[in-house]
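S.K.:
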Amino acid sequence: MNRLYIFGLGSPYGWDQVGWLAADQLRQTFSGQPAIVVDMLSRPTNLFSHPITPMDWVIFIDSMMGKARPGTAQRFTTLALPPAHQKFSSHGIDLNTTIALLASLGFSTEKIQIVAVEIPADTEPSPEQTFRRCQALATQSLHAEVKSCVEYWLQFGVYRFSTTHELSFRQNTHVESPPAGSF
Amino acid sequence: MSDLRTGEIHVPILARVEGEGALDIRIRDGHIDELHLRIFEPPRLFEKLLEGRPAQDVIDSVARICGICPVAYQMSAVAAIESIFNFTPTPWVQAMRRVMYCGEWIQSHSLHVHLLAAPDFLGFNSAPAMAKQFPLEVRRGLRLQGIGNDIIRTFGGRSVHPVGVRPGGFFRAPDAAAMATLRQKIHESLNEARDLIAWVATLPIPEDDQDFTSVSLRQNGEYPITGGRIVSDRGLDIAIEEYEQHFREFQVPYSTALHALLDDQPYLVGPLARLNNNYAYLPADLRQLIEATGIRFPSRNMFHSILARAIEIHYALSESLRLTENYDARTTPYVEPIQCAGIGYGCTEAPRGILWHRYALDEQGHVLNAQIVPPTSQNQARMEEDLKTSLTRFGLDQPDDALRLHGEMVIRNYDPCISCATHFLDFRAERQ
């Protein structure tokens, strides 16, 4: 049986939790689907503790700082994944390296997708209540986007990269981004 | 007669090491005139940050010095704090701390062997490139790394910056089901660890014997992990409280990482030093595996460090199984120590070598001052000494790219953790 693995990336800290929180919700959403496996990873290479094979599909979910409005969830193919502009001390084994390892081990990059939610770029601390509200919105946005991707995969067996497929599917599933001013 | 080489070689960014470092070499008339292993990672000032913090904050904070060896920092810290409180952990706590530490050795060593070092020996410039021709080996290594993370997570709630360690023991004891699942995974990985030793021993390892002093702990007749006395293969045998009487930390102008000397000489810490000093304390079956490779320990060849790490992965797996054989989940995970003021010391064997902590606490158990000496700092002087010897032997008339690669390989033998090495900078503030 081909599986779809959803790996939430992150850590227990601040905005970096969003990938894990969304993965936790997705695990409950798809708990009745034996073909869907959800896990939270503190390091991307931890995915290899699963019996993952090149026949399987992978979605990495995470938070990101880009140029979109905070709370916007975006999908990337491995080719479209933006390079990390700042390298943190993680012993060099980041998402890009992990994807390169997967490709070297025979995984098709067409079966790897990254879904990330934009988080605020400012580093000023917010009041705890404000932060929790915004974090919940970001998690909800990420969860909704990945849920839509997974439902498409369950129906068609592929990721929805085709614009035609996406538009008709969106009309039927009504995926929304958080309204402006939420963050 | 050929002209003797004069010139400079710069490696602006060291690849496949943790953190930011560079290597500068000046060659004059066929000799290395100057060699600097330049660390420019920003200092983290942890020793200053800890002042005024309570004991538990120390344990949770020092874990954040490094994302790959947080357990080592926590264990050295809690040992120092418990020594101030005149507290001896229960045998259960001592054993489980040793198991948790084994998890860190396994995950750190596995990552280093497969993703950082092995590509060097096989002529690849990256782990993904190596994985195309050695997919089974790379996947095996990543599975072993995962086992290490699982062990840490079992005791600490998560593998990055775990939160289970506290003065007196652990916040909670893993339940019986979790331990049974973990033991099953460890047991299933022993064959892979054995195969790893055999595979690493077949790698084309350069001959490069050098004269150096191996420094490690020696722990009550067992392979050292969580404590003991500081020993060397040149006769040093001291209590950890005597560290500062023999070892000296100092700053060099070209590096944010401190250097250290033993009686004014460079020295080596880490897996090869541990193995050199404690080979006899390995289990007999593991020593048989090692002897079957044909490689002998003690070894004077730093390129054997990759094999030392593979050996320690196997040791850590078997030790974890041994110590959890009669696991009792009903055990009280901690005993509350009685706080008091004082000065205390902790020294444990981080994956990269001895990690020494010293704390002074006040009556409320808050830090007055702290000193942390990580293994990578201690290896800086030895690394530079090694580089001079190794590159000279390699041939200074070799092309620059070849010298650069060989220099990087020598450095990677030490698996330096540059984030750990830059935790400290002498800090004084003048306010007017």
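Chains as they are written, first to last, in the working numbering: chain A, 207 to 389; chain B, 15 to 446. Even glycine gets a Cβ: it sits at the ideal position worked out from N, Cα and C. Keep in mind it's a predicted model, so treat the numbers as computed, not measured.
Near B/V127, which residues of its chain fall below 8 angstroms by C-beta distance, leaving aside the five closest residues on each side in sequence?
M.R.: Result list for B/V127: G155, L210, V214, I320, R323, A324, I327, in chain order.
S.K.: Counting only the same chain and skipping the five closest in sequence on each side, list residues whose C-beta sits under 6 angstroms from that of A/D268.
M.R.: The answer, listed in chain order, is L215, G225, A322.
S.K.: For A/L287, collect the residues of the same chain with a Cβ closer than 8 angstroms to its Cβ; drop the 5 residues on either side in sequence, then sort them by chain order.
M.R.: Closer than 8 angstroms at Cβ, skipping near neighbours: L301, N302, I305, I320.
S.K.: So with Cβ pairs under 7 angstroms, would you call B/V174 a contact of chain A?
M.R.: By this cut-off, B/V174 is an interface position.
S.K.: Under 7 angstroms between beta-carbons, which chain A residues line up against B/L156? List them in chain order, please.
M.R.: Within chain A, the residues near B/L156 are T251, F254.
S.K.: So does the stretch 362-374 of chain B actually touch the stretch 83-93 of chain B, counting three or more Cβ pairs closer than 8 angstroms?
M.R.: Verdict: yes, contact present.
S.K.: Can the beta-carbon of B/I73 be found less than 7 angstroms from the beta-carbon of B/V179?
M.R.: Taking 7 angstroms as the Cβ cut-off, B/I73 and B/V179 qualify as a contacting pair.
S.K.: Could you give the DSSP three-state label for B/I357: helix, strand or coil?
M.R.: If DSSP states are grouped into helix, strand and coil, B/I357 belongs with the strands.
S.K.: Which one of B/C354, B/D134, B/G284 has the shortest CA to CA distance from B/Y428?
M.R.: Measuring from the Cα of B/Y428, the nearest candidate turns out to be B/G284.
S.K.: Check the C-beta distance from B/D278 over to B/R407 and give it rounded, since I have them as a contact under 8 angstroms.
M.R.: Not confirmed; about 25 angstroms, so no contact.
S.K.: Take the Cβ of B/Q394 as the centre, count every other Cβ of all protein chains shown within 10 Å, and call the residue buried at 16 or more, exposed below.
M.R.: Buried, by the Cβ-count rule.
S.K.: Quick one: grab the DSSP three-state call for B/V266.
M.R.: In this structure, B/V266 counts as coil in the three-state DSSP scheme.
S.K.: Taking B/I327 as part of the alpha helix (DSSP H), name the residues at either end of that continuous run.
M.R.: 319-337 is the span of the alpha helix (DSSP H), which, as asked, contains B/I327.
S.K.: Taking Cβ-Cβ distances shorter than 8 angstroms, what residues in chain A pair up with B/V8?
M.R.: Residue 8 of chain B lies beyond the range of chain B shown here (15 to 446); nothing can be said about it.
S.K.: Can you list the residues of chain A that B/A145 reaches, using a CB-CB cut of under 7 angstroms?
M.R.: Those within 7 angstroms of B/A145 in chain A are L307, S310, L311.
S.K.: Should A/S314 be flagged as near chain B, meaning a C-beta pair shorter than 7 angstroms?
M.R.: No, no contact with chain B.
S.K.: Looking at B/Q265: is its Cβ nearer than 7 angstroms to the Cβ of B/L272?
M.R.: Yes.
S.K.: Using a cut-off of 7 angstroms between C-beta atoms, extract the partners of B/G160 located in chain A.
M.R.: Near B/G160 (Cβ distances below 7 angstroms), the residues of chain A are N252, F254, S255.
S.K.: Do the stretch 303-322 of chain B and the stretch 350-362 of chain B meet, that is, are 3 or more Cβ pairs less than 8 angstroms apart?
M.R.: No contact exists between the stretch 303-322 of chain B and the stretch 350-362 of chain B.
S.K.: State the CB to CB distance for the pair B/A410 and B/V424, rounded to an integer number of angstroms; the pair is presumed to be in contact (CB under 8 angstroms).
M.R.: According to the sequence displayed, residue 410 of chain B carries Leu and not Ala. The Cβ separation is near 14 angstroms, so there is no contact.
S.K.: Using a C-beta to C-beta distance shorter than 7 angstroms, which residues of chain B count as neighbours of A/P218?
M.R.: The answer, in chain order, is R172.
S.K.: Let me see if you follow: with CB-CB separation under 7 angstroms, is B/N427 close to chain A or not?
M.R.: Not an interface residue.
S.K.: Taking C-beta pairs closer than 8 angstroms, name the residues in chain A that B/R153 reaches, listed in chain order.
M.R.: Per Cβ cutoff of 8 angstroms: F254, L311.
S.K.: Assuming B/S203 contacts B/R157 under a Cβ cut-off of 8 angstroms, what Cβ separation, rounded to an integer in Å, is found between them?
M.R.: Rounded, the Cβ-Cβ distance is 7 angstroms, consistent with contact.
S.K.: Name the residue from B/E236, B/G242, B/S228 whose alpha carbon lies nearest to the alpha carbon of B/G249.
M.R.: Among B/E236, B/G242, B/S228, the Cα nearest to that of B/G249 belongs to B/S228.
S.K.: For A/S248, decide whether its Cβ has a neighbour in chain D, counting only Cβ atoms nearer than 7 angstroms.
M.R.: Among the chains of the structure shown, chain D does not appear; the protein chains present are A and B.
S.K.: In three-state terms, what does DSSP make of A/G277?
M.R.: In the structure shown, A/G277 sits in coil (DSSP, three-state: anything other than H, G, I, E or B).
S.K.: Let's test the definition: count the other Cβ atoms within 10 Å of the Cβ of A/Q292 and tell me whether it reaches 16, buried, or not, exposed.
M.R.: Summary for A/Q292: the model assigns pLDDT 44, below 50, so the residue's position carries little reliability; its value from the coordinates is reported in the next sentence. It is exposed - the Cβ of A/Q292 has fewer than 16 other Cβ atoms within 10 Å.
S.K.: Is the CB of B/N205 under 7 angstroms away from at least one CB in chain A?
M.R.: So no, B/N205 is outside the interface.
S.K.: Beta carbon of B/N291, beta carbon of B/S332: below 7 angstroms?
M.R.: No, they are not a contact pair.
S.K.: Distance check for B/T102 and B/P181, CA to CA, integer angstroms please.
M.R.: So the two alpha carbons sit approximately 10 angstroms from each other.
S.K.: Determine the chain A residues that contact B/N163 at a beta-carbon separation under 8 angstroms, and present them in chain order.
M.R.: Correct list: S248, R249, N252, S255.
S.K.: Buried or exposed for A/Q346, please, with buried defined as at least 16 other CB atoms from any protein chain shown within 10 angstroms of its CB.
M.R.: Counting Cβ neighbours within 10 Å, A/Q346 comes out buried, since at least 16 surround it.
S.K.: Skipping 5 residues on each side, what residues in its chain have a beta carbon closer than 6 angstroms to that of B/L125?
M.R.: Closer than 6 angstroms at the Cβ level, and outside the excluded window around B/L125, lie Q159.
S.K.: So with Cβ pairs under 7 angstroms, would you call B/P149 a contact of chain A?
M.R.: Chain A contact via Cβ: present.
S.K.: By how many angstroms is the C-alpha of B/Y281 removed from the C-alpha of A/A229?
M.R.: Looking at the two C-alpha atoms, the distance is approximately 47 angstroms.
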